[in-house]
Amino acid sequence: MNFDPFNELGGGSALRFDEGQQDDYCLPVASHSPETERLDYIHEVYKYHAGNVPEEVADILNDGTTTKILDVGCGTGKWALEMISAFPNIHITGVDLAHPPITVFPPNFAFHIHDVTKGQEYENDTFDVVHVRDIHAGMPDYHAMLTECVRVLRPGGYLLVKEIEWIPRLLDGGDAKARFPAICSDSFRDALSERSLDPMVGVNLKSYIDNVTALKDIQYSRHLVPMTPWSDDPILHYTGQMTRLAMAILGGTMRIMLLDHGESDPDGRYSAGIEELKDLSGQPIWVFGSIIAKKEGEMSSASDHLIENGDREESE
Ligand SMILES: C[S@@+](CC[C@H](N)C(=O)[O-])C[C@H]1O[C@@H](n2cnc3c(N)ncnc32)[C@H](O)[C@@H]1O
């Protein structure tokens, strides 16, 4: 279907139509340029601030057995492809509402179209690692989504979660709204709330995780990211650059939802925001929360579990 997710309202709401299916996700899918580019810029930020995978999990990915990973809302598939390149023994299953913009899939990357608000399609204890990154804008019940992730995780397996705090800040704790009024507009958060989505998932990530049963050894960290290349530190300079590039696209990403929310001129406000980000002073930052947690109980690996049940694939 010829539908331009950046410029058309679908049936008077922010509904999208993609590959013949209709759903409630309020942003363009990852396969539509320039959303693809925006997600890839932000992928760089996550990677440089927190790594694609924490060291303790990298250790189990290097142990020679095939580790089964579920990437929930895998988007462009960039994380999965980089993981497979770094850890050739792993097998990743990516699920999303729409295909990633990948033409050739490595044999150890399986992709399935699935709406995870309907739960996960897998048996209990299937995966060694479940990865969830920046999917709150599609999850009216974030708690239920996490509960399903833990169900399909094997005992002793790792849950990895990252979510954005949608509140621009200043590094020195000053009044970001006074300095960057357009960027700090409340409309995106209000529009999410209006669609029964929680704009505070990132801010309250630790509580969300604490309220899921059967998790242990929870490690929570907050990562502060420059919104512009104001830092002299080469890595922070780079992630500031990546963020500003992503911000230049974000106006288009949010456009349909903001129009639907009743904002009369989202393009005008967003252009003002982009102008604000040309000013390198003020040290604006954004923050993402990151969780590493283990499922209670111990079992060597999901792959061993499959061997015990006699249904491991020959090719693995
Ligand atoms: C902001 S993108 C993040 C993509 C990827 N996780 C990343 O970090 O680059 C959110 C992704 O979640 C997917 N998504 C949203 N709602 C979903 C749902 N109900 N079921 C499956 N995927 C969903 C979107 O299609 C999109 O690819």
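The letter at position 100 of the sequence shown is residue 100 when you use UniProt numbering, and the numbering goes up by one with no holes.
A virtual CB, placed ideally from N, CA and C, is assigned to each residue, including glycine.
#1: According to DSSP, simplified to helix, strand and coil, what is Leu160?
#2: Please return the same chain residues whose Cβ sits closer than 6 Å to the Cβ of Leu39, not counting the five positions on each side in sequence.
#3: If you pair each beta-carbon of the segment 148-158 with each one of the segment 124-133, do three or more pairs fall below 8 Å?
#4: Out of Pro54, Val225 and Trp166, state which residue places its alpha-carbon closest to the alpha-carbon of Leu159.
#5: Looking at Met254: is its Cβ nearer than 7 Å to the Cβ of Phe180?
#6: Are the segment 138-150 and the segment 189-201 touching by the rule of at least three beta carbon pairs closer than 8 Å?
#7: Taking the beta strand (DSSP E) that Leu70 belongs to, which residues open and close that run?
#8: For Arg169, I'd like the list of residues in its chain whose CB is within less than 6 Å of its CB, leaving aside the five on either flank, ordered along the chain.
#9: How many Å lie between Leu250 and Leu81 at the Cα?
#10: Is any heavy atom of ligand 1 found at a distance shorter than 6 Å from the C-beta of Thr67?
#11: How should Ser196 be labelled, buried or exposed, when 16 other C-beta atoms within 10 angstroms of its C-beta is the threshold for buried?
#12: What would DSSP say about Ser231, mapped onto helix, strand or coil?
#13: Based on Cα-Cα distance, which residue from Ala246, Glu163 and Pro88 lies nearest to His223?
#14: On a CA-only basis, which of Ala272, Asp233, Gly138 and His237 is nearest Pro28? Give me that one, please.
#15: Would you kindly work out how many angstroms separate the C-alpha atoms of His136 and Val161, rounded to a whole number?
#16: On a Cα-Cα basis, can you pick out the residue from Ser290, Gln219, Thr213 and Asp24 that is closest to Thr117?
#17: Using the Cα positions of Lys216 and Lys294, report the straight-line distance between them to the nearest angstrom.
On the basis of the data shown:
#1: strand
#2: Ala30, Gly75 and Thr76
#3: yes
#4: Pro54
#5: no
#6: yes
#7: Lys68 to Val72
#8: Ala176 and Ile285
#9: 24 Å
#10: no
#11: exposed
#12: coil
#13: Glu163
#14: Gly138
#15: 11 Å
#16: Asp24
#17: 5 Å
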